[in-house]
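Okay, so here's the structure we're looking at.
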Amino acid sequence: MIEIFLRLPLEPILKFRYVSKFWFSILNNSSFIIKWMRFNNFKPPPWVFFYKLDRPINESVSIVSPYHHSSQFISDHDGFSFRFLNSKPLLLNKQEEIYLLASSNGLVLCSTKIYFDYRYYVCNPLTKQWVLLPLHYRARDNKPVRDNKPVLHGFVCESSSSSLTTKSTCYKVVRIPIFEEWLNDFILEIFSSNTGQWKKHKISCPQSVTMLFIYRKPCNVVCLNGVVYWIEGRNRIIAYDLFNKKNENGDHQCRLIDLPDEARVYVDRCLGQLEGFIGYCECANGELSVWKLEDYFSKGSWNWRLVHNIRIDDILPENFEGRAFRDLYLPDHPFNLNPLAFNPVDQDVMILGYGSKYIYAYNMKTRILKLLSRDSYYYSSTASGVSPFVLAPLLTSPFR
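Quick note, the working numbering runs 304 ahead of the 1-based positions in the sequence shown.
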């Protein structure tokens, strides 16, 4: 029977799920979904852009995807609503706020609070598997709320496999403090699924750093090849190797990387993965620019290469099919699109926003700007320090 189902289009399969409980158990199973993708040479691979989780949890997440087959696949698989986090084992209040913080290799890092008393979950929306992480140090300290400070989050799945296979894996969660002072060292809290424990790491910097500007322009955190990257307040990137050994003083050393010389401080910008390297995108004065960090971490050297640069008013005339684009276009009046995320699935595509509600997929090779949503209100997510992200459905397990 499964061999017959594999040869059917997606639409009838989705309908046949409701013929009987037995068929539902077969067709809604994540293993069958992956087999169907392989059998039908499902290209381009499905991906979805998460930009906001409606509250409370019993509402659905706000997601967009550029391809019809991806949108249908995602919308018809109820795991991507994250409603399974409201199941009895979690014992969450129905009004509990759930935040989607980051993703890596098919897994999603979630929290029940924002900024302060986090309770973390790692889950896979495709398989609906989840694990509750132990309390981190600050949560165990029981300090008054006024003594707590907001944090950024890094999340990396250490599995090197990107294939659509069932595989248990290892992951790390990094809590990065947001501090206004100028410091030469600070504390990271890192959870490892290998040990099932949080550990504190004292990070030493070659120069003083601050996170002061983060309050004005929230910055996302990128994990690549075991290294965590984020932007600090003096237009530099802090890079910390999660497998770094202690220096002679017993501290862990980070590295500071200057942003491109042309980079600005108070602009819309984001970090991401680009062709196996760190990418940096910003939009200012009506001009969209993308750089790639040709990084030689072992040698301690790097070089920024500008890989894409275009004026927004040069993009719009080529994408004049719909009114949504015509409404944005005012000749000789430069405006900016907000870089929201790089796309690790299709690395030619940048996710851009405009006016807190429009979301676009921009292909840097074809220069096609595709409208994904015109009523998104993504700003409510980014303003609260939660960065939107692209997720590719995989069968990665959150269990060790």
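By construction, the Cβ of each residue, glycine as well, lies at the ideal position given by its N, Cα and C atoms. Here the structure is a predicted model, which means the values were calculated and not measured.
| Among VAL649, ASN539 and TYR666, which one has its Cα closest to the Cα of CYS641? | Rather than Cys, the amino acid found at residue 641 in this sequence is Leu. Out of VAL649, ASN539 and TYR666, TYR666 has the C-alpha closest to the C-alpha of LEU641.
| said: Between which two residues does the beta strand (DSSP E) holding ASP545 run? | reply: 540-545
| field | Local conformation of VAL383 per DSSP, three classes | value | Strictly speaking, residue 383 in this sequence is Gly, with Val absent from that position. The answer is helix: DSSP assigns GLY383 an H, G or I state.
| field | DSSP state of ARG311 mapped onto helix, strand, coil | value | coil
| query | Taking Cβ positions, are CYS574 and LEU676 nearer each other than 8 Å? | reply | no
| said: Considering Cα atoms alone, identify which of TRP351, LYS432 and PHE336 is closest to SER385. | reply: LYS432
| Strand pairing of SER301, partner residues [DSSP] | The chain is shown only over 305 to 704; residue 301 falls outside these bounds and no answer can be derived.
| query | What whole-angstrom Cβ distance do SER497 and CYS474 have, given they're in contact under 8 Å? | reply | 5 Å
| task | Would you mind listing the alpha helix (DSSP H) stretches within the segment 637-679 that are 4+ residues and don't spill past its ends, in chain order? | result | none
| query | Any idea if MET305 is buried or exposed, counting beta-carbon neighbours within 10 angstroms, 16 or more meaning buried? | reply | exposed
| task | Tell whether a beta-carbon distance below 8 Å holds between TYR533 and ILE582. | result | yes
| task | Mark GLU536 as exposed unless 16 or more other C-beta atoms lie within 10 angstroms of its C-beta, in which case mark it buried. | result | buried
| task | Just tell me which of LEU310, GLU579 and LEU516 has its CA closest to the CA of ASN344. | result | LEU310
| Where does the unbroken beta strand (DSSP E) through TRP534 begin, and where does it stop? | 531-535
| task | With PHE328 as the anchor, note down where its alpha helix (DSSP H) starts and where it stops. | result | 325-331
| Hey, quick one: how far does the beta strand (DSSP E) through ILE561 stretch, first residue to last? | 559-562
| request: Inspect the CB distances between the segment 488-507 and the segment 559-568 and report whether three or more fall short of 8 Å. | output: no
| task | Using 10 angstroms around the beta-carbon of PHE353, count the other beta-carbons present and answer buried if the total reaches 16, otherwise exposed. | result | buried
| For SER613, the residue or residues it bridges with in DSSP | It is worth fixing the name first, because residue 613 is Asn in this sequence and not Ser. SER593.
| field | Where LEU516 falls: helix, strand or coil (DSSP) | value | helix
| query | Can VAL478 and LEU492 be called in contact, C-beta distance under 8 Å? | reply | yes
| task | Output yes or no for whether 8 Å exceeds the beta carbon distance between LEU698 and GLY383. | result | no
| query | Anyone know if the C-beta pair for PHE693 and ALA406 falls short of 8 Å? | reply | yes
| query | Who does GLU493 pair with in a DSSP beta bridge? | reply | ARG479 and LYS504
| message | Determine whether the beta carbon atoms of PHE490 and LYS476 lie at a separation below 8 Å. | response | no
| message | Would SER408 and CYS585 be called neighbours here (beta carbons separated by less than 8 Å)? | response | no
| task | Tell me whether SER605 sits in a helix, a strand or coil according to DSSP, three-state version. | result | strand
| Distance, Cα to Cα, TYR570 vs ASP545? | 27 Å
| query | Can the beta-carbon of LEU516 be found closer than 8 Å to that of PHE459? | reply | no
| What number of angstroms, rounded off, separates the C-alpha of LYS596 from the C-alpha of GLN651? | 12 Å
| Do ILE480 and VAL525 have their CB atoms nearer than 8 Å? | yes
| message | I need the straight-line Cα distance from LYS661 to ARG678, nearest angstrom please. | response | 6 Å
| query | For TYR441, is the classification buried or exposed, using 16 other Cβ atoms within 10 angstroms of its Cβ as the cut-off for buried? | reply | exposed
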